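*Asks:* Per the numbering used here: the first sequence = residues 2 to 566. Yeah, the Cβ is synthetic: ideal placement off N, Cα and C, and Gly gets one too. It should be emphasised that the depicted structure is a prediction, and the values quoted were computed from it without experimental measurement. One structure is given below, represented as structure tokens, and several questions about it will come after.
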Amino acid sequence: MRWSQTFIPTLKEDPTDADITSHRLMMRAGLMRKVTSGAYTYLPLGLLALRKAEQIVREEMNRAGAIEILMPSLQPEELWAESGRLTSFGPDLVKHVDRHGKTLIFGPTHEEVVTDLVRNHINSYKQLPINFYQIQTKFRDEVRPRFGVLRSKEFLMKDAYSFNRDEASLEESYRAMYDAYSRICERAGLPYVVVEADSGAIGGSVNHEFMVPCEVGEALIALCSCGYAANTERAATGPLPAESASAPRALSTVDTPGMATIKDVSAFLKITPSRLIKTLIYVADGKPVAALVRGDHDLNESKLRVHLSADTLELASPAVISEATGAPVGFAGPVGLDIPIVVDRAVAALAWGATGANKADAHLVNVVPGRDFTFTASADIHVATEGDLCPSCGKPFEIRRGIEMGHIFKLGAKYSKAMGAKFLDENGKEQTLIMGCYGIGINRIVAAMIETSFDDKGIIWKAGLAPFQVEIVALDLKDPDVKAAAEDLYKALTEKGIEVLFDDRDLSPGIKFNDADLIGMPLRVTVGKRSLKAGGVEVKARNSADSKVVPLASAAAEIAQAVVS
RNA sequence: CGGGGUGUAGCGCAGUCUGGUUAGCGCGCCUGCCUUGGGCGCAGGAGGCCGCCAGUUCGAAUCUGGCCACCCCGACCA
């Protein structure tokens with residue numbers, strides 16, 4: 002591709018609305034442009050990279066035995082009503098009412114559509130297992146799109162859905178996807194960790210996320226040297242050692258006028274937030290329950306829901322809170338409370354703490370769990386954080402940020418049961434299909450790679466995703482010898498099937514070198530009067546400061562060799 | 001949805017507080033000359049509903065009100 006014949010609008014300055022590296026560089030290197038919040042136009046260079054990512058994913062899916070199809074973005078609302086997700090997915094759904102008044106959903110995911118396909122056409126165990134996938138644009142009405150293409154309202158996704166006869170078969174499909182995802186990360190040049198994750202709105206039990214560790218990642222992951230790795234939304238925590246109870250003092254009440262937040266109260270009482278016992282009132286399946294966590298911890302609703310075996314769980318309204326505790330929000334406490342009380346194990350481990358007094362403008366101090374209040378259960382119900390211990394080996398976690406690039410789920414019968422997707426087994430007996438689903442964000446592959454491979458000059462492409470393997474920078478194009486040498490090399494490399502970008506623009510060397518660094522192709526070949534005088538062309542890798550002069554006669558072969566290796 | 005911020009040429013910004021000729025600067029763009037190994041030089045030029053609507057005023061980029069868009073933090077989240 003000749004630079005003069007394509008469209009690569011590089012920017013000298015950083016755009017004001019991009020402040021993370023990948024977004025900034027994707028704009029500056031001319032990979033894309035924003036159309037509106039959360040929606041981008043991919044320009045030639047960005048599109049080439051996106052297609053590379055897509056092709057890697059496609060090849061690995063095919064290799065893993067998945068079958069490519071293409072489902073529509075437009076989905077009938079009724080299918081979502083059948084699965085029950087019309088409400089659970091809620092406001093994130095992008096909807097459209099057509100001229101007949103029928104509501105269509107712009108698919109954020111395709112469990113319903115694919116399950117509908119399968120229930121109509123898969124009837125026998127002989128057709129199983131089967132795994133359908135597609136690479137398609139998805140829509141989500143994101144509350145806050147951000148970080149360029151890392152969280153957008155419209156994005157390219159590969160979604161695969163396996164249908165299996167039983168758990169053992171699902172395990173095989175799941176394993177095949179797990180391995181495929183690992184290979185995809187490796188081919189794309191992405192550093193990654195696989196973590197246990199929470200399943201959110203998709204459902205199911207076992208699931209893993211493929212994370213690219215990176216400062217701008219939105220997910221927090223707990224890592225342990227023993228190999229345990231989990232999203233902090235999901236990570237179990239090991240029990241903290243109980244504090245030794247040194248001569249407990251008597252419970253007493255302290256006036257705390259207007260102090261309803263952890264920050265206010267801990268400052269006023271001159272104790273650390275970890276000594277405060279935060280009392281949260283929830284409504285589980287219609288009944289109020291108190292959940293106690295340390296002031297420096299966040300309650301993990303998933304853990305609490307699982308512990309309570311509740312179908313629905315939501316934070317109680319102020320009215321319910323004051324009815325249960327007799328106090329306004331901010332002053333709830335466990336002492337004297339007559340609803341079920343679940344304490345986090347970290348709270349149970351406290352020798353003493355401070356809590357709300359169930360009375361406006363008052364807190365209790367020297368509260369001893371078990372002495373001053375009893376509790377229904379003690380469980381791990383807080384979000385894993387710095388200072389927590391690994392549940393597997395007991396050593397402290399390391400907490401890191403990561404970009405969630407892929408997510409694989411064992412769904413079980415969640416959708417097949419709700420939508421009646423069944424098959425007949427060898428005995429002619431009707432069975433419900435078991436499902437798995439496997440998603441990977443194509444745009445995120447590209448952005449995450451850039452986010453983890455750049456320098457102050459620009460992008461440093463890993464070969465797997467690089468739009469071109471080689472950029473020829475031709476200087477002194479008005480010199481016939483230089484022109485001929487550059488053209489010949491371009492032709493020779495192209496004929497060898499190498500992806501070459503030929504910067505044939507008649508611009509000053511500085512601009513061309515800076516652009517070459519910015520767009521960051523793995524190999525740069527400079528052809529100019531000076532290089533010819535030195536005996537040929539200058540070859541330099543983007544990720545190295547060294548360069549060498551290669552004779553014209555062997556240049557094409559040598560460069561081709563370097564690209565392959 | 002709560003908090004904060006920004007909208008002036010393709011990009012990056014000044015001007016707004018304190019209203020007053022023709023709205024500036026750098027980069028980019030066009031023409032000519034010059035230059036060719038790290039964002040050259042000289043000369044000439046094009047490009048603006050100053051986010052939108054309404055109001056105040058003799059006069060509004062500037063003051064007032066409403067609206068819209070975008071960004072950041074938080075909440076939320078395959």
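1. Between the Cα of ARG531 and those of LEU476, MET522, ALA563, GLU500, spot the shortest distance and give me the residue it belongs to.
2. Which whole runs of the beta strand (DSSP E) in the region 377-464 are 3 residues long or more, in chain order?
3. Measure how close the beta-carbons of ASN132 and TYR179 come, nearest whole angstrom, since I'm counting them as under 8 Å.
4. Are VAL160 and GLY440 close, meaning C-beta to C-beta below 8 Å?
5. Go ahead and pull the three-state DSSP assignment for PHE8.
6. Excluding sequence positions up to five away, which residues of its chain have a Cβ less than 7 Å from the Cβ of SER318?
7. Using only alpha-carbon positions, find the residue among LYS127, GLU113, LYS35 that is nearest to ASP18.
8. On the DSSP bridge list, what partners appear for GLY357?
9. Work out the CA separation of GLY442 and LEU12 for me, nearest whole Å.
10. Using 8 Å for Cβ pairs, my map puts GLY407 next to SER206. What's the rounded Cβ distance?
11. Here's a check: name, in chain order, each residue in its chain whose Cβ is nearer than 7 Å to the Cβ of VAL321, leaving out the five neighbours to either side.
12. Mind checking which residues open and close the beta strand (DSSP E) that includes GLN570?
13. In this structure, how does DSSP classify SER303 when only helix, strand and coil are distinguished?
14. Could you have a look at TYR126 and say whether DSSP puts it in helix, strand or coil?
15. To the nearest angstrom, how far is the alpha carbon of VAL540 from that of ARG166?
16. I need the DSSP call for ARG188, collapsed to helix, strand or coil.
17. Taking buried to mean at least 16 other C-beta atoms within 10 Å of its own C-beta, is PHE164 buried or exposed?
18. So what does DSSP say about PHE374, is it helix, strand or coil?
19. Do ALA378 and LEU365 come within 8 Å of each other at the CB atom, strictly closer than that value?
20. So what does GLY85 bridge to, in DSSP terms?
21. Closest to VAL528 by CA distance: which of VAL474, ASP381, ASP507, GLY108 is it?
22. Give me the Cβ distance between SER417 and LEU434, rounded to the nearest whole Å; I'm assuming they're in contact under 8 Å.
23. Based on DSSP bridge pairs, tell me the residues matched to LEU224.
24. Entirely within the region 35-101 and at least 4 residues each: give me those alpha helix (DSSP H) ranges in chain order.
25. Buried or exposed for HIS111, please, with buried defined as at least 16 other CB atoms from any protein chain shown within 10 angstroms of its CB.
26. Identify which residue in ALA517, GLU387, GLU472, ALA291 has its Cα closest to the Cα of ILE460.
27. For LEU277 versus GLY259, is the C-beta spacing smaller than 8 Å?
28. For ARG176, which of helix, strand or coil comes out of DSSP?
29. What three-state label does DSSP hand SER183 in the structure shown?
30. Would DSSP call VAL321 helix, strand or coil?
31. Looking at the strands, I want to know which residues DSSP matches up with SER253.
32. For HIS24, does the count of other Cβ atoms within 10 angstroms reach 16, so buried, or fall short, so exposed?
33. Quick one: give me the first and last residue of the beta strand (DSSP E) that ALA24 is part of.
34. Less than 6 Å between C-beta atoms, sequence neighbours within five positions excluded: which residues of the same chain meet that for ALA65?
35. If I measure Cβ to Cβ from ASN124 and keep anything under 7 Å in the same chain, skipping five residues before and after, which residues do I get?
36. CB-CB under 6 Å to VAL550, same chain, minus the five flanking residues each way: which ones, in chain order?
*Replies:* Looking at the coordinates:
1. In the first sequence, the residue the question calls residue 531 occupies position 530. Of LEU476, MET522, ALA563, GLU500, the residue nearest in Cα terms is LEU476.
2. 378-380, 399-413, 423-425, 431-433, 435-442
3. For the purposes of this step, residue 132 is taken as the residue at position 131 of the first sequence. For the purposes of this step, residue 179 is taken as the residue at position 178 of the first sequence. 13 Å between Cβ atoms; not a contact.
4. Indexing the first sequence from 1 puts residue 160 at position 159. Indexing the first sequence from 1 puts residue 440 at position 439. With the sequence shown as reference, residue 160 is identified as Asp, and Val is not the correct amino acid for it. In this structure, GLY440 lies closer than 8 Å to ASP160 by Cβ.
5. Looking up residue 8 in the first sequence gives position 7. If DSSP states are grouped into helix, strand and coil, PHE8 belongs with coil.
6. For the purposes of this step, residue 318 is taken as the residue at position 317 of the first sequence. No residues qualify anywhere along the chain.
7. For the purposes of this step, residue 18 is taken as the residue at position 17 of the first sequence. That would be LYS35, whose Cα lies nearest to the Cα of ASP18.
8. By one-based count along the first sequence, residue 357 stands at place 356. According to DSSP, GLY357 bridges with HIS364.
9. By one-based count along the first sequence, residue 12 stands at place 11. By one-based count along the first sequence, residue 442 stands at place 441. Rounded to the nearest angstrom, the two C-alpha atoms are 27 Å apart.
10. As a position in the first sequence, residue 407 is number 406, starting the count at 1. As a position in the first sequence, residue 206 is number 205, starting the count at 1. Going by Cβ atoms, the distance from GLY407 to SER206 rounds to 18 Å, so no, they are not a contact pair.
11. The residue labelled residue 321 in the question sits at position 320 within the first sequence. Cβ neighbours of VAL321 beyond the five flanking positions: ILE282, VAL284, PRO289.
12. Residue 570 lies beyond the stretch modelled for the chain, which goes from 2 to 566, so this question has no answer here.
13. Position 302 of the first sequence, counted from the first residue, corresponds to residue 303. In this structure, SER303 counts as helix in the three-state DSSP scheme.
14. Taking the first residue of the first sequence as position 1, residue 126 is located at position 125. The answer is helix: DSSP assigns TYR126 an H, G or I state.
15. In the first sequence, the residue the question calls residue 540 occupies position 539. In the first sequence, the residue the question calls residue 166 occupies position 165. Going from the Cα of VAL540 to the Cα of ARG166 covers about 56 Å.
16. For the purposes of this step, residue 188 is taken as the residue at position 187 of the first sequence. It is helical.
17. By 1-based counting over the first sequence, the position of residue 164 is 163. So PHE164 ends up on the buried side.
18. Residue numbering aside, residue 374 sits at position 373 when the first sequence is read from its first letter. Three-state result, PHE374: strand.
19. Here residue 365 refers to the residue found at position 364 when the first sequence is read from its first residue. Here residue 378 refers to the residue found at position 377 when the first sequence is read from its first residue. Contact flag unset, no.
20. As a working mapping, residue 85 is identified with position 84 in the first sequence. The partner list for GLY85 (beta bridge, DSSP) is empty, contrary to what the question assumes.
21. Indexing the first sequence from 1 puts residue 528 at position 527. Per the Cα distances, VAL474.
22. Taking the first residue of the first sequence as position 1, residue 417 is located at position 416. Taking the first residue of the first sequence as position 1, residue 434 is located at position 433. About 4 Å separates the two Cβ atoms, so the contact holds.
23. Residue numbering aside, residue 224 sits at position 223 when the first sequence is read from its first letter. Answer by DSSP bridge pairing, in chain order: ALA230, GLU399.
24. 45-64, 78-84, 86-89
25. Counted from its first residue, the first sequence places residue 111 at position 110. Its Cβ being crowded by 16 or more others within 10 Å, HIS111 is buried.
26. As a first step, residue 460 is located in the first sequence; it is residue number 459 there, counting from the start. The candidate whose alpha carbon is nearest that of ILE460 is ALA517.
27. If you number the first sequence from 1, residue 277 lands on position 276. If you number the first sequence from 1, residue 259 lands on position 258. Cβ atoms of LEU277 and GLY259: not closer than 8 Å.
28. In the first sequence, counting from the first residue as 1, residue 176 sits at position 175. ARG176 falls in the helix class under three-state DSSP.
29. Mapped onto the first sequence, residue 183 falls at position 182. Residue state, collapsed to three classes: helix.
30. Position 320 of the first sequence, counted from the first residue, corresponds to residue 321. Helix at VAL321.
31. The residue labelled residue 253 in the question sits at position 252 within the first sequence. VAL366.
32. Position 23 of the first sequence, counted from the start, is the residue given in the question as residue 24. It is buried - the Cβ of HIS24 has at least 16 other Cβ atoms within 10 Å.
33. In the first sequence, the residue the question calls residue 24 occupies position 23. It should be noted that the sequence gives His, not Ala, for residue 24. That residue, HIS24, is in no beta strand (DSSP E); its alpha helix (DSSP H) goes 22-29.
34. Numbered from 1 along the first sequence, position 64 holds the residue referred to as residue 65. Correct list, in chain order: ALA177, ALA181.
35. Locating residue 124 in the first sequence gives position 123, counting from the first residue. Cβ neighbours of ASN124 beyond the five flanking positions: PHE424, LEU425.
36. Indexing the first sequence from 1 puts residue 550 at position 549. Contacts found: ALA535, GLY536, GLY537, GLU539.
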